[in-house]
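Below you'll find the structure, written out as structure tokens, and then a few comments.
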Amino acid sequence: MNTAHRVLPLDKVEKNALRAAVVAPHIESFNHFINTAIPAMVKDIQPMYVEAESPAQQSVKLWISSFSVGKPVESASGVANPTALLPSACRERNMSYSAPMHVRIMRSVDGGPPMETAHEVGLLPIMVQSDKCHLKEMSPKELVAVGEEASEAGGYFIVNGREKILRMLIMPRRHYPTAIIRPSFAKRGPQYSQYAVSLRSVRPDCSSVTNNVHYLNNGHVNFRFLLRKREYFVPVAVLLRALMPTTDREMFERLAQGNFDNTYLVSRLEILLCQGQKFALYTQEQALAFLGSRFRPMLYHPRAWTDAEVGRALIRDYVFIHLGDDLRAKYDLTISMVQKLYALVQGHIQPDSSDAANNQEILVVGHLFGAMLRELLEKQLGVIKLGILRAYRRGDSTTDVENAIWFSRLMARSTMDIGKRFAYLMATGNLKSDSGLNMGQVVGYTIMAEKLNVLRFLAHFRCVHRGAFFSEMKTTSVRKLLPENYGFLCPVHTPDGAPCGLLNHLAAKARVVSTEPPPARLLPVLASLGVRMVTDPGVAPLDHVPVFLEGRIVGSVAVEHAAIVADQLRHFKVHGKFHVPATLEIAYVASELPVHLVRSKAAQAPALPAAHGSSSSESDDDAAAPPAGKDAARNVTLPPGQFPGIYLFSGPGRLMRPVTNLREGKQELIGSFEQLYLHVACLPDDILPGITTHKDESPTDMLSVVALLTPFSDFNQSPRNMYQCQMGKQTFGSPSTAYAKRTDNKMYRIRTPQTPIVQTEAHSAYQIDEFPQGMNAIVAVISYTGYDMEDAMIINKQSYERGFAHGSMYKTDLIDLSETSSDEHGIAMFCNIKPGTTDELECKELDADGLPPVGTLLTKGSPYYARLNPVASSVTIVRYKYEEPAYVDQVRVMEPKTAMARNLGLVRVSIKLRYVRNPIIGDKFSSRHGQKGVLSQLWPMENMPFTESGITPDIIINPHAFPSRMTIGMLIEIMAAKSGALYGKFQDATPFSFIDNGHASEFFGEQLRSAGYNYYGSEPMYSGITGTEFSADIFMGVCYWQRLRHLVSDKHQVRATGPVSDLTRQPVKGRKRAGGIRFGEMERDSLIAHGTSFLLQDRLLKCSDAHTAFVCATCGSLAAVSSVQDALTGVISPVCTRTTCKGGVVRELELPYVFRYLVAELGAMGIAMELDVRDLE
Amino acid sequence: MASNHPTIEIVEVDKDHIKFSLSNADSSLANALRRVIISEVPTMAIDLVEIHANSSVLHDEFVAHRLGLIPLDSTNVGQFNYTRECSCNRRCALCSVELRLDFKCEGEQTVNVTSSMLYSEDDRVVPVVSQDMARPTRQNGDDDDDVVPEVEDTGVLIVKLQEGQKLSLRAIAKKGVGKEHAKWSPVSCVEFQEVPEVVINQDLMAELEEADKEEWAASCPSKVFRYDPVSRQVEVVENGRACTFCRECTLKGELLDTRINPGEDRFAKLVRITSKPKEYIITVESCGTLPAADIVQSALAVIKEKLSNVQAEMNGAWQ
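One line per chain: the protein sequences are A and B, in this order.
Note that UniProt numbering numbers the first sequence so that position 868 is 868, with each residue one more than the last.
Note that UniProt numbering numbers the second sequence so that position 100 is 100, with each residue one more than the last.
Laid out in structure tokens, this is it:
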């Protein structure tokens, strides 16, 4: 069965599509950034104006005409045809894989012709395997030739030689008005309620702004936006007026949409319009001028602009920015958001949950890069403007912006290193921004792509974090597993502990789309389907629900037609007709009752406490509170749902997954929003005729890549599968096939791994065999020597000696002599030739170049390298200082950092060391079912229990591991692998595959029986010590065993004596410093409880900071006693030197040294401590 | 022959494999023999490796470990001393054998370096090369294409070398026992069986329907029972030698009980399986270093020597 796909087609460009799909969200997003977002950004960035303040000055218009990113090259500037910089070189040389960015800046002086200059603005980190990467389009064979793995899929950046990933984050879904009830909204000011409708608006270049519409208890509605990290509120009536040349009557009709029976709504609308009247703004120009005049000081627009122009710019840049200059669309959207807000306040709809996947999207690398680059480019224009203004202010007579030489001199000062900002983000994960970029956090954007093993590496690309803000949150509701997430976020693959539920992983089939089809093409399609377009004259009737297309109201459709429109659109989507893209999300949110019923029923509600028409904002206090959601809901028989309408989403960052469309019989991508409004069956049995429209492709669709690899996970208790997802990622496996090219800080390598006999479909589909990480071990479940208690396991000593679970660890040591030697004396270099001779070696163990030969075993104190000191002209042998012995695996000569050192010769080397990591007692192992244990004993083979055929187990585990943990999947794996080993075939362990085919245990039991073994996998066994048969049969079989990276060799800490702290003379802490292990308060309590006072004194005093102190018996001072040499006898003795003390007897005491420190500290504060030692004998 | 002495009856024997029944012996004696075969029969194995050049993909410890596990012909192991007991200072020709390996891949094709390329200084101790284990020729597309397909080399693979890679080393083989390290163990395991006695209660069997008889007989995974359709009887095949005491037949009987006469356990007693007291069948399979029969002989000699040592001690203590 699973034996196919073992060998990669080496010379074809065809790569494993699934492995590529794992990293696709990252690569697609980066390409989207390069190919789509950057051109859109350049088009959208507004020109910057420098105004002439006197006739001598010039007025300048600055703008960006193009921005381009190259491919990574060696030494970026100056060379005509620089050589390509390859990722493997970056890793080995601790460099960044980045490419030069070029920007063309246009300037027009005094309205003259545009002039262009080109500038390099630093190096942009380039994602491996993206469109800008050299590895793209390389065949596996070519990849190997350039030092990569044959299956290198990319998706990460290389920053200073380290592989970094921009972690995916959950963001609120863009362009969807989200109804929110949040108590903190009420704190916005007096009369503010907890109700708001929020919309995250994103430009094509991925920069974003969040706009809210707030409900006030006095009936007002205020529009909120963010300007330079500060919140501003505008009455919505003023905004509406500014957006459209319209009348109060028209606004009223649009907002009410024929629902005049709803007295509550009507009276609210009256208040809303009255609020607008207060400002006496009657035309659009007046309203724009009003806004412009208020915000002009914040916006730095040219003084020549009218207030109305400034107002227009404000709306363009801060209000529904995704709609650009289309004020009419902004008007329609505002109307719709206010309608939704009223529906929320009246309880006609439920608030939208911000924790559910349907209201979320994913922030991928391109989104952050896009927003960041836009801000930096705008800043770049600002910096140039500032440079010109400064020149004006200085009154520099040479100032001539038109002059190319003057301008290039200005640019030499004013060109920003944009690349540095990106490099800083990638290296630290911290976001530095003036505006905050509408992100919820400033830290934790990047993670290291640790190549510990293939699972960990893959999981990094699939993990999605909820946001740093939520990890501080006390409530657990954000961590909950919600049904809305089904099929998008894996329910199994989340860590336990602090990040539980916040750090999730995408389901294997889930995609984060990065396509952005032009929505305009859809408009005629919608019109032809009978949608009443928004451009049609008049107001949509009461029974119409709105049609949203990516944050734009394109029209409305009658309730009775809405479902048909959605179905037709889905048909087009599945078949790719009329340019309806396959990634379009089509959700028809039906009103639970027909819309007019909901509205009229609510209207009938008796005595709704409403502020009646005449009451205005002056009567704030007695303006009644809005009806609570519950009261309104009582009048409607069905519980309210989401705001009705047809929602079409086509933007990037959405989660989508493939399912089968039953009606069309084809695969369809469905999004997390539309999934709620589709009936998706999991299994064929779940299909309800006439209701079910879609079906999962497989019941495993909900699982992540890592969770898919757990065999028979459907038989296990669910937390065990979560543990396995964690442990699979901690396995000491084969992380890479390009070991020789890797210089990671720490890398593990298992020596004789095997492919599991029992494996899931995903194992071969994702070609995990390329990076195997375990052994098929013969396992006996028996309580044998007592060394298997409490999850300990016994390993057969002979299995160990034959190589079971052997491994090594690699570390890389970078030695740069230019850093250790000071410049004034010159730089030392590696050399092992005795000064004054030509070929005589200073140290025989080292090579002539001063470096250790490959293969040398280094122990503490053995020569490590030799260096020639420039001044003393002597050769110093530097010795290996670490405790643990290591072999020299590779020695790399690196290019020195400074130009001066470059002329010297060998200055910078990187030495790869290899440590033996064969199993020793205390090392951690686990099966693939969350069953971990430590190695407790290497037990000689002749003492191991054996079967009739003489087989002794490799591993013995205790039967107590099973009853409480209920890892039945492990028992079945053991049976399946046993029969697989007997028949020489791989066994399929894909979860949920036994749903229709009887019981797994019966299936494998029959196989075992026909192979001549016991049905259940038990066998009679004999004691290895006595040779007699056990009275019970022993369950024995084959199980895939992983070795985990928690190794004793990396953790053991012992100390008898060692370094102590200077201040307290207590032992220092830390394994690296040969420190001690803290004997803390609880340990102290334990000794006290045992009454072992001698031991207590030994631990806390004798083995810590005991010292002999002298105390003056007369004055009780500890600090004043010092050693004084007698002038006559020459004898040194402790004497009290206190002037007020008459002197006398000085007593000798054993005290903790830290006590003396306390006395000194107190003394520094003017507190004298006296010890009463007079009664001491 | 009702002797009280343990008796050995050899069932099968060839070079690598011996099967014998040991009767009139306690489990202690049988098990002692098994344990000594595994862990105390001396053989020769590579113990020290000095690597001069290694540019292969496997690192030095890995190569050394693999060398240690290569079986060396140990038929003359008796002529060597244990190094620790030898009169020499560090090692000498009396307690060790030096082997050399020096190979550089010159051609473009990957070359397998095997144990047959190990050159031994002493003809008495050479790597075992199997004569009867001719490797099957590779099928097309069976393995990597860049490996030389047809070199008739039946040695143990040590490492594969690509063009320009080199392996040069000196290895010292020493005498040792499996207790110290598994590489000195002459066997991979010892089969150790109690002899089953399978008795069918034919009276009870007669109560069963023919179909049930047949079903019951088929229940044994080791095929100890055979239903004879002519005589309509269930008979035991070869005295039940194949029985592994798995109790499937008893379980089947219980199933029949629940079907035919619920509440009773009659058919559970259709067959009585006991192990013959004081009789064991032991199979020893050599891993190539020693002929199987020699392994048993050597093990017995070790036991004998141990006992005579004890006897000598006893005598010494007595006087």
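Note that CB positions come from ideal geometry on N, CA and C, so glycine has one too.
Reference residue i, options the options, closest by Cα
i: N485/A; options: P963/A, A391/A, S704/A and F1003/A; result: S704/A
i: G1070/A; options: E942/A, H1052/A, A961/A and M1082/A; result: H1052/A
i: V159/A; options: P87/A, L857/A, N918/A and A805/A; result: P87/A
i: E895/A; options: V888/A, G905/A and D889/A; result: G905/A
i: R521/A; options: E550/A, P1134/A, V128/A and V103/A; result: E550/A
i: I972/A; options: V345/A, P72/A, A1000/A and G665/A; result: A1000/A
i: S74/B; options: T283/B, V199/B, A182/B and V125/B; result: V125/B
i: G1075/A; options: R409/A, R1055/A and R1065/A; result: R1055/A
Chain-order list of residues whose beta-carbon lies under 6 Å from that of residue i (same chain, five-residue window excluded)
i: R599/A; result: Caution applies to R599/A, whose pLDDT of 46 falls short of 50 and renders its modelled position unreliable; the value that the coordinates give is listed next. Around R599/A: N259 and N262.
i: R135/B; result: Note on R135/B: pLDDT 45, under 50, position unreliable in the model; no value is reported.
i: L300/B; result: none
i: L1176/A; result: R1147
i: L1162/A; result: M1169
i: Q604/A; result: The predicted position of Q604/A is uncertain, since its pLDDT is 45 and thus under 50; no value can be drawn from it.
i: T250/B; result: A268
i: H17/B; result: E285 and A292
i: F771/A; result: V454 and S734
According to DSSP, residues forming a beta bridge with residue i
i: Q937/A; result: I794/A
i: Y232/A; result: F225/A
i: S88/A; result: Paired residue(s): none; S88/A is not in a bridge.
i: I8/B; result: L22/B
i: R174/A; result: R200/A
i: Y677/A; result: Partner(s): none; Y677/A has no beta bridge.
Classification of residue i by the beta-carbon crowding that lies within 10 angstroms, buried from 16 upward
i: C206/A; result: buried
i: Q319/B; result: exposed
i: L33/B; result: buried
i: P546/A; result: buried
i: A153/A; result: buried
i: R393/A; result: exposed
i: G178/B; result: buried
i: M1165/A; result: exposed
i: A304/A; result: exposed
i: K1072/A; result: exposed
Cutoff 7 Å; reference residue i; Cβ partners in own chain excluding five residues on either side
i: V266/A; result: A256 and F260
i: V401/A; result: Q58, V60, R107, V109, I388 and F407
i: T1108/A; result: E1148 and E1150
i: V36/B; result: A299, V302 and I303
Own chain partners of residue i with C-beta closer than 8 Å, once the 5 adjacent residues on each side are dropped
i: M101/A; result: F67, S68, V69, G70, E120, V121, G122, L123, L124, I418 and G419
i: A527/A; result: M533 and G555
i: P852/A; result: E845, L846, L858, P863, Y864, Y865, V888, V891 and I911
Where the segment 53-66 of chain B meets chain A: residues whose CB sits under 7 Å from a CB there: Listed by position, the residues of the segment 53-66 of chain B near chain A (Cβ gap below 7 Å) are N54, H59, D60, E61, F62 and H65.
Going along the chain, which residues of the segment 1024-1051 of chain A sit with their C-beta nearer than 9 Å to a C-beta in chain B? G1024, I1025, T1026, G1027, T1028, E1029 and D1033
Can you list, in chain order, the residues of the segment 883-917 of chain A whose Cβ is nearer than 9 Å to any Cβ on chain B? Y887, D889, R914 and V916
So if I threshold CB-CB distances at 7 Å, which residues from the segment 243-272 of chain B count as touching chain A? The segment 243-272 of chain B vs chain A, Cβ under 7 Å: T244, F245, C246 and E248.
Along the segment 1001-1020 of chain A, what residues have a CB closer than 9 Å to any CB found in chain B? Cβ contacts with chain B: L1008, R1009, S1010, A1011, G1012, Y1013, N1014, Y1015, S1018, E1019 and P1020.
Going along the chain, which residues of the segment 943-961 of chain A sit with their C-beta nearer than 9 Å to a C-beta in chain B? N943, F946, T947, E948, S949, G950, I951 and T952
What are the residues of the segment 833-862 of chain A that lie near chain C, defined by any Cβ-Cβ distance shorter than 7 Å? The question asks about chain C, but that chain is absent: this structure's protein chains are A and B.
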